[in-house]
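Undergrad:
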Amino acid sequence: MKRKNKACYFCGQPGTSLEHVPSKQMFIAFDCDAITVPSCNKHNNGKSGIDEAIVKSFLIAIEGDSKRRSLNQNVQSALKAAAHRFDQVKNTVIRGPFVKNKSDALLSQQTAFVKDNLGIPIWVTQVTAGLIWDCMQDFENGNDWSGADSWSLNYIKQGENGELSEEEHLRIVTENQVRANKLLSHDWIEGWSSFPRKYPSDIYNFKVLFTKERIVFLHEFYADYHWVTGFIASDETRSRIKDKLSASI
Ligand SMILES: [Zn+2]
Numbered sequence: 181m182k183r184k185n186k187a188c189y190f191c192g193q194p195g196t197s198l199e200h201v202p203s204k205q206m207f208i209a210f211d212c213d214a215i216t217v218p219s220c221n222k223h224n225n226g227k228s229g230i231d232e233a234i235v236k237s238f239l240i241a242i243e244g245d246s247k248r249r250s251l252n253q254n255v256q257s258a259l260k261a262a263a264h265r266f267d268q269v270k271n272t273v274i275r276g277p278f279v280k281n282k283s284d285a286l287l288s289q290q291t292a293f294v295k296d297n298l299g300i301p302i303w304v305t306q307v308t309a310g311l312i313w314d315c316m317q318d319f320e321n322g323n324d325w326s327g328a329d330s331w332s333l334n335y336i337k338q339g340e341n342g343e344l345s346e347e348e349h350l351r352i353v354t355e356n357q358v359r360a361n362k363l364l365s366h367d368w369i370e371g372w373s374s375f376p377r378k379y380p381s382d383i384y385n386f387k388v389l390f391t392k393e394r395i396v397f398l399h400e401f402y403a404d405y406h407w408v409t410g411f412i413a414s415d416e417t418r419s420r421i422k423d424k425l426s427a428s429i
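Each residue of the sequence shown is one higher than the last, beginning at 181 in the numbering used here.
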């Protein structure tokens, strides 16, 4: 394990373990390889149990959403492999209706509520940082992870005093949809995958966009859940990512 002492993918401190990008919890039902990067103790989400809680929160939301959309074969397999262990995260992930006192059948779907301190946006930023490490094969000081911003169409932050009202939910859902439509309309470049056995792309894939100031990653989990991370990257990172993307076409 000569990579063990290399710099952590997220903070650059000496790595003490390997982190899977994204979590190996996503792929337990599949025969594929994994992207792994060095990690310090603090940023190893596999060890801390954060991976398990977040991956299960995605699956619990998908299960609740399965009346609205039909699930493809791989997503069904992932759900089946994890469903009997949903109880293990019951302290951090709570099942419930999308909105209370619902008046609309579509909004009566069940979803997953996660505690804010679980930090899904930071987790997605870390998946992005892991992929950058994988491309660079080292930690790059010039990338600004503290200023990175991760956002999802499928994630709504609850108000400080608990649940949002139905009106607030609807407003946010509509705003999210407008923002997502705009984002998805860009010319995204297909990302890379694990090697040689790739991740099933309907379980996880990502795409990349270069804007004038930022690199933006679009992560797709379970064929329907989209998260974007934008960050200010060093010139070296921009050019290495571009090279890697054109090599993998
Ligand atoms: Zn670290």
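Glycine is no exception: its CB is placed at the ideal position from the N, C-alpha and C atoms.
As the structure is a computational prediction, the values presented were derived from the model and not from experiment.
1) For HIS399, is the beta carbon positioned less than 7 angstroms from some heavy atom of ligand 1?
2) Compute the Euclidean distance between the alpha carbons of ILE240 and LYS270, then round it to the nearest angstrom.
3) Bridge partners of PHE386, per DSSP?
4) Count the other C-beta atoms from every protein chain shown that fall within 10 angstroms of the C-beta of VAL408, then say buried if there are 16 or more, exposed otherwise.
5) Which full runs of the alpha helix (DSSP H) of 4+ residues lie inside the segment 207-277, going along the chain?
6) With VAL307 and HIS399 assumed to form a contact (beta carbons below 8 angstroms), what rounded beta-carbon distance in angstroms separates them?
7) DSSP on TRP325, reduced to helix/strand/coil?
8) Who does HIS406 pair with in a DSSP beta bridge?
9) Do GLU320 and GLU416 have their CB atoms nearer than 8 angstroms?
10) Please list the terminal residues of the continuous beta strand (DSSP E) segment that includes LEU363.
TA: On the basis of the supplied data:
1) Indexing the sequence shown from 1 puts residue 399 at position 219. No, ligand 1 has no heavy atom inside 7 angstroms of this Cβ.
2) Along the sequence shown, read from residue 1 onward, the residue named residue 240 stands at position 60. Along the sequence shown, read from residue 1 onward, the residue named residue 270 stands at position 90. Roughly 11 angstroms separates the two Cα atoms.
3) Reading the sequence shown from its first residue, position 206 is the one you call residue 386. Its beta-bridge partners are HIS399.
4) Numbered from 1 along the sequence shown, position 228 holds the residue referred to as residue 408. Buried is the call here.
5) 225-228, 230-245 and 253-263
6) Here residue 307 refers to the residue found at position 127 of the sequence shown. Here residue 399 refers to the residue found at position 219 of the sequence shown. With 8 angstroms as the limit, VAL307 and HIS399 qualify as a contact, their Cβ atoms being about 6 angstroms apart.
7) Here residue 325 refers to the residue found at position 145 of the sequence shown. Three-state DSSP puts TRP325 in coil, outside helix and strand.
8) The residue you call residue 406 lines up with position 226 of the sequence shown. BP columns for HIS406 point to GLU400.
9) Position 140 of the sequence shown, counted from the start, is the residue given in the question as residue 320. Position 236 of the sequence shown, counted from the start, is the residue given in the question as residue 416. Contact flag set, yes.
10) As a working mapping, residue 363 is identified with position 183 in the sequence shown. Looking at the DSSP string, LEU363 is not in any beta strand (DSSP E); the run it does join, the alpha helix (DSSP H), is 346-364.
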